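In the numbering used here, the protein residues as written are 1355 to 2076.
Yeah, the Cβ is synthetic: ideal placement off N, Cα and C, and Gly gets one too.
Treat the numbers as computed from the prediction; the structure is a model and nothing was measured.
Taking it in order: structure first as structure tokens, then the write-up.
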């Protein structure tokens, strides 16, 4: 009997609660918002070839040295998969161990540990990435195939991270008693922080939107860690040291040597005087602003502040501090010790935020400086000017939207002792669904449209939307596009994604999910992963599983390997009898020689052909297990009829000899053990009689003529066709 697979037994059915299709949502975000809950869930060929160069332009257009370890941060288009080299590098071959590792993880975790399972998926992808990066670090040039695998594994790793973060929150929300949160639905008072925390507890949309922001920032952090320690400036702890040196020189000479250089060194001097810094300082300033924005993009605000202080710009570090929400813990009472607790956040955050907005609008500022303050103030228009990739744009939209929702909540529920500064009209949160965000990104330009259509970006989009139906529809489209060969790692991810969704009890469009698993089984067969095929075939309906596994077994020729495959099938819960029967029947159908009457074909080739040998060899599948012997006799009878009708007596004799001599006794013994006095089924009884007839004929056929003459007809065709 086929055992029920882990993935087929839902931990709980939350499909009615979280839905299986996309729904309108107000996904938004807040600058530097870090709640405890959020922290817990933390192309053309020319375009493709250009990514192999070691010197490529950065986002600002300046050349930069791209090390091997940085290459995976590039967005390689899916069309590049068709441009891979045919040679199978050692690094690429090593990544195939993931097939086995994923199976081990899947078998290790029971259905109640779905999120531990997802976490391990991410971990093994990360481990394999590190291995590949180390192996390629010494290469002068990286093979295109290796580069593609690096990109694929990186995308898969961060996709599993996103799935774990969002779906764990969705499942937790679905399981919690809604009444438990009713008391804490709305919180008002002087504490902005508590109002925000209550919003995150109450509103799953805002909370999950922040999780998307956290995810995008974690992805950026992975990339920024590759080059953060390599940043160098012409000066370290002194701000604008070269300009200071020029001013000191001018002071010594009694006049300014360069009238285009600022005469004062306060932070506003370049803007106020409309003059420049020294050339080297201008370069350092541009690099500092770019790297500061990159750190903020990665959610590393504290690191950005330390970075500014290290470069002598403590004043700039102070401007990054004002976003924190106000909270006075002493409002609830003073501790028994009488010592007041420190106040958190910025009481004049509204004033600070308006100033940040104005700085983001200042055209004289560097675009990354404007982007820094656009992020702090929620100025989407200016922030998008510094965004390049699909991930950058997604982060900008979600961050600004959450910021708007939190700002709206804080302003409406916080009790104030003063009038707040009015926000710019553009800062008022606009009603946007997640679907509209993705539509806006796709409509930005052709480059983003192409990025939006990348396989993993499509997958990530539907995970964010919670649109299982849409995701399954995309899977179906990918599988039916004959002109596109899906990368094997993508197909593996798709199959395990389907199994994960099944384990949650979500509807997954049964016909498409079966096609995904079937495609993965076929991939495992092609890649000769003998030990894995049976386990994944079990996730198909019994009839489909038998067909898929039988097709796989047709290519197995060694006896010991055949025994192993049948043991694996039995362990996986497959119907071994149905599988082995199908194997033999498939090979029989592939034989071009059928029944041909001896009178209609005067010239028959009685020599044993390769196809004949294949049919003879196939019968071995039915003799390993005693309870398969009846089917072995039935199938061998059918094959021997065809061979004898074609006058292939040697082949028929060879096949007969493959059937164990005790088969008839075994059949009777097993039947008696099961049915006592009930006679054998007529079909089985007839098969045994035919088997004995053929045996008698073959014995007579191969006797010397003087012994067999007159005993039996020399041609059995007349008997076989009655």
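Can you have a look at residue i and say buried or exposed, based on whether 16 or more other CB atoms are within 10 angstroms of its CB?
i, result
"residue 1917", "exposed"
"residue 1925", "exposed"
"residue 1834", "exposed"
"residue 1717", "exposed"
"residue 1975", "buried"
"residue 1573", "buried"
"residue 1383", "Because residue 1383 carries a pLDDT of 38, less than 50, the predicted location of this residue cannot be relied on, and the following value inherits that uncertainty. Buried."
"residue 1651", "buried"
"residue 1602", "exposed"
"residue 2056", "exposed"
"residue 1688", "exposed"
"residue 1648", "buried"
"residue 1769", "exposed"
"residue 1625", "exposed"
"residue 1404", "For residue 1404, the predicted model reports a pLDDT of 37, less than 50, meaning its position is unreliable; a value from the coordinates is still stated below. That one is exposed."
"residue 1627", "exposed"
"residue 1491", "exposed"
"residue 1635", "buried"
"residue 1831", "exposed"
Beta-carbon separation of residue i and residue j under 9 Å?
i, j, result
"residue 1920", "residue 1854", "no"
"residue 1568", "residue 1653", "yes"
"residue 1722", "residue 1798", "no"
"residue 1778", "residue 1677", "no"
"residue 1593", "residue 1666", "yes"
"residue 1879", "residue 1906", "yes"
"residue 1941", "residue 1908", "yes"
"residue 1473", "residue 1524", "no"
"residue 1516", "residue 1796", "no"
"residue 1730", "residue 1774", "no"
"residue 2163", "residue 2009", "Beyond the ends of the chain as shown, which are 1355 and 2076, falls residue 2163; an answer cannot be given."
"residue 1933", "residue 1903", "yes"
"residue 1961", "residue 1938", "no"
"residue 2018", "residue 2046", "yes"
"residue 1928", "residue 1980", "no"
"residue 1478", "residue 1857", "no"
"residue 1487", "residue 1504", "yes"
So, for residue i: in the same chain, excluding its five sequence neighbours on each side, which residues have a beta-carbon less than 6 Å away from its beta-carbon?
i, result
"residue 1935", "1985"
"residue 1724", "1714 and 1736"
"residue 1767", "1542 and 1549"
"residue 1684", "1694 and 1695"
"residue 1792", "1815"
"residue 1707", "1731"
"residue 1682", "1697"
Please return the same chain residues whose Cβ sits closer than 8 Å to the Cβ of residue i, not counting the five positions on each side in sequence.
i, result
"residue 1570", "1745, 1748, 1749 and 1752"
"residue 1703", "1546, 1676, 1677, 1678, 1679 and 1680"
"residue 1670", "1621, 1646 and 1662"
"residue 1513", "1810, 1813, 1814, 1817 and 1847"
Apart from the five residues just before and just after residue i, which ones in its own chain have a Cβ nearer than 7 Å to its Cβ?
i, result
"residue 1885", "1922"
"residue 1672", "none"
"residue 2014", "1977"
Kindly indicate which three-state DSSP category residue i falls into: helix, strand or coil?
i, result
"residue 1543", "strand"
"residue 1698", "strand"
"residue 1630", "strand"
"residue 1560", "helix"
"residue 1893", "coil"
"residue 1768", "strand"
"residue 1615", "strand"
"residue 1883", "coil"
"residue 1931", "helix"
"residue 1975", "helix"
"residue 1569", "helix"
"residue 1832", "helix"
"residue 1654", "coil"
"residue 2002", "coil"
"residue 1863", "coil"
"residue 1985", "helix"
"residue 1575", "helix"
"residue 1595", "helix"
Residue i: beta carbon under 8 Å from a heavy atom of the ligand MN?
i, result
"residue 1637", "The model depicted lacks the ligand MN and carries no ligand whatsoever."
Should residue i be flagged as near chain C, meaning a C-beta pair shorter than 9 Å?
i, result
"residue 1453", "Note that chain C does not occur in the displayed structure, where there is just one protein chain."
Please go through the stretch 1460-1525 and give each complete alpha helix (DSSP H) segment of 4 or more residues, from N-terminal end onward.
Listed in chain order, they are 1468-1490.
Can you give, in chain order, each stretch of the alpha helix (DSSP H) that sits fully within the stretch 1675-1740 and has at least 4 residues?
If only uninterrupted alpha helix (DSSP H) runs of at least 4 residues are considered, those enclosed by the stretch 1675-1740 are 1703-1715, 1721-1731 and 1734-1738.
Jot down the residue ranges of each uninterrupted beta strand (DSSP E) in the stretch 1752-1827, minimum 3 residues, whole runs only, in chain order.
none
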